[in-house]
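Chemist: Read in the UniProt record's numbering, the sequence shown has 8 at position 8, and its numbers run on one by one without any break.
I'd like to ask you about the structure that follows.
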Amino acid sequence: ATKSIKFNAKLGKSASETFRSMQQVYGSQCLGRTAVFEWHKRFLEGRETLEDDKKSGRPILVRTPEMIEKVRDFVANDRNASLKMMEEALNISIDMKTIHTILHDHLSVRKLCSRWIPHNLTEAQKQARVKWSKEMLKKFNRGRSNLIYNIVTGDETWIYSYEPESKRQSTVWKCDTARQTVDFLSSKNVELMTHCPYSPDLSSNDLFLFPNIKKKMRGERFESPEAAVETFRTLISEVTASEWKKCFENWFERMQKCIDLKGEYFENQ
Numbered sequence: 001a002t003k004s005i006k007f008n009a010k011l012g013k014s015a016s017e018t019f020r021s022m023q024q025v026y027g028s029q030c031l032g033r034t035a036v037f038e039w040h041k042r043f044l045e046g047r048e049t050l051e052d053d054k055k056s057g058r059p060i061l062v063r064t065p066e067m068i069e070k071v072r073d074f075v076a077n078d079r080n081a082s083l084k085m086m087e088e089a090l091n092i093s094i095d096m097k098t099i100h101t102i103l104h105d106h107l108s109v110r111k112l113c114s115r116w117i118p119h120n121l122t123e124a125q126k127q128a129r130v131k132w133s134k135e136m137l138k139k140f141n142r143g144r145s146n147l148i149y150n151i152v153t154g155d156e157t158w159i160y161s162y163e164p165e166s167k168r169q170s171t172v173w174k175c176d177t178a179r180q181t182v183d184f185l186s187s188k189n190v191e192l193m194t195h196c197p198y199s200p201d202l203s204s205n206d207l208f209l210f211p212n213i214k215k216k217m218r219g220e221r222f223e224s225p226e227a228a229v230e231t232f233r234t235l236i237s238e239v240t241a242s243e244w245k246k247c248f249e250n251w252f253e254r255m256q257k258c259i260d261l262k263g264e265y266f267e268n269q
């Protein structure tokens, strides 16, 4: 494999071109993107030997503090991001396997309901999840109360806008000032309900709305953030009443599941 990288580097092909051609030849046996880019760089700098340096016993490219911080910042801004999305947006010589290792080994997070969350909950967090679930089931008669139709729930997400000439990510939401929002809602006699942090498995938006809407938007290329927002709004308006009903029924069923599991995380059970 390193011979192929050296050959392409000598021909003047870029690291990206080299990696793509190697994927076509070697398929699933191809070296990772990070390794190919590092070897390509070494050959451009004049390296002649094809064998890896045995004396260090370490991988060609280690996970640097800079890489870890970039991944940390990305996940902090978008807990719904996929590995592929991070690989493309970070624009550094790092492949999905390395990103996955950073997330699990260095940042101690994993994917649940399409959102990155801590590996393990503390006992206090588990108890808070159980307490919240019990309160919700009691308040809304296990989802059978007509009061559920008064619930207004919201969240924030990112939509990625890709243009033909350049690739960029754009937020399509703006954060409200928390104090102003609370004061306004209180003045309108709107009761504010809490939600447990790090609980995407108990969020109707994470479970239903965002995944379904983004699935329909997958592969779309938007000329502007405004165009992405308009498409998002249109798709939301097309969600049927029966789909919303099923979403809320599932929501209350999951609250009971949380209680049964003593607050532990659970997948799509």
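The beta-carbon is built from N, C-alpha and C at its ideal position, and this holds for glycine as well.
These numbers come from a predicted model, not from an experiment.
In the stretch 177–239, which residue ranges form an unbroken alpha helix (DSSP H) of at least 4 residues, counting only runs that do not cross its ends?
Modeler: As far as the stretch 177–239 is concerned, its whole alpha helix (DSSP H) runs of at least 4 residues are 178–187, 210–217, 225–237.
Chemist: Can you give the Cα-Cα distance for L147 and K139, rounded to whole angstroms?
Modeler: Cα-Cα distance, rounded: 9 Å.
Chemist: Please state the DSSP three-state secondary structure of I159.
Modeler: Reduced to three states, the DSSP call for I159 is strand.
Chemist: Any idea what DSSP makes of D95, helix, strand or coil?
Modeler: Here D95 sits in coil by DSSP.
Chemist: Is it right to say K174 is buried, meaning 16 or more other beta carbons lie within 10 angstroms of its own, or is it exposed?
Modeler: Interpretation of K174 is limited by its pLDDT of 46, a score under 50 that renders its predicted location unreliable; the figure taken from the coordinates is listed afterwards. K174 is exposed by the Cβ-count criterion.
Chemist: Give the DSSP-derived three-state secondary structure of R20 in the structure shown.
Modeler: Here R20 sits in helix by DSSP.
Chemist: From W39, A35, T157, pick the residue whose C-alpha is nearest to that of V229; which is it?
Modeler: When only C-alpha atoms are compared, the closest one is T157.
Chemist: Near K126, what residues of its chain come up, given a Cβ to Cβ distance below 8 Å and the 5 sequence neighbours on each side ignored?
Modeler: Correct list, in chain order: K262, G263, E264.
Chemist: Which residues bound the alpha helix (DSSP H) around F140?
Modeler: Careful: F140 lies outside any alpha helix (DSSP H) and carries neither H nor E.
Chemist: Does DSSP put F43 in a helix, a strand or coil?
Modeler: In the structure shown, F43 sits in a helix (DSSP, three-state: H, G or I).
Chemist: If you count every other CB in all the chains shown that lies within 10 Å of the CB of K70, and 16 or more means buried, which is it?
Modeler: Per the 10 Å Cβ criterion, buried.
Chemist: Grab me the residues of L83's own chain with a C-beta within less than 7 Å of its C-beta, minus the 5 sequence neighbours each way, in chain order.
Modeler: The residues are M96, I99, H100.
Chemist: How do the stretch 199–218 and the stretch 241–256 stand: do at least 3 beta-carbon pairs fall below 8 Å, yes or no?
Modeler: The answer is yes - the stretch 241–256 touches the stretch 199–218, with three or more Cβ pairs under 8 Å.
Chemist: If you reduce the DSSP assignment to three classes, tell me which class T2 lands in.
Modeler: It is helical.
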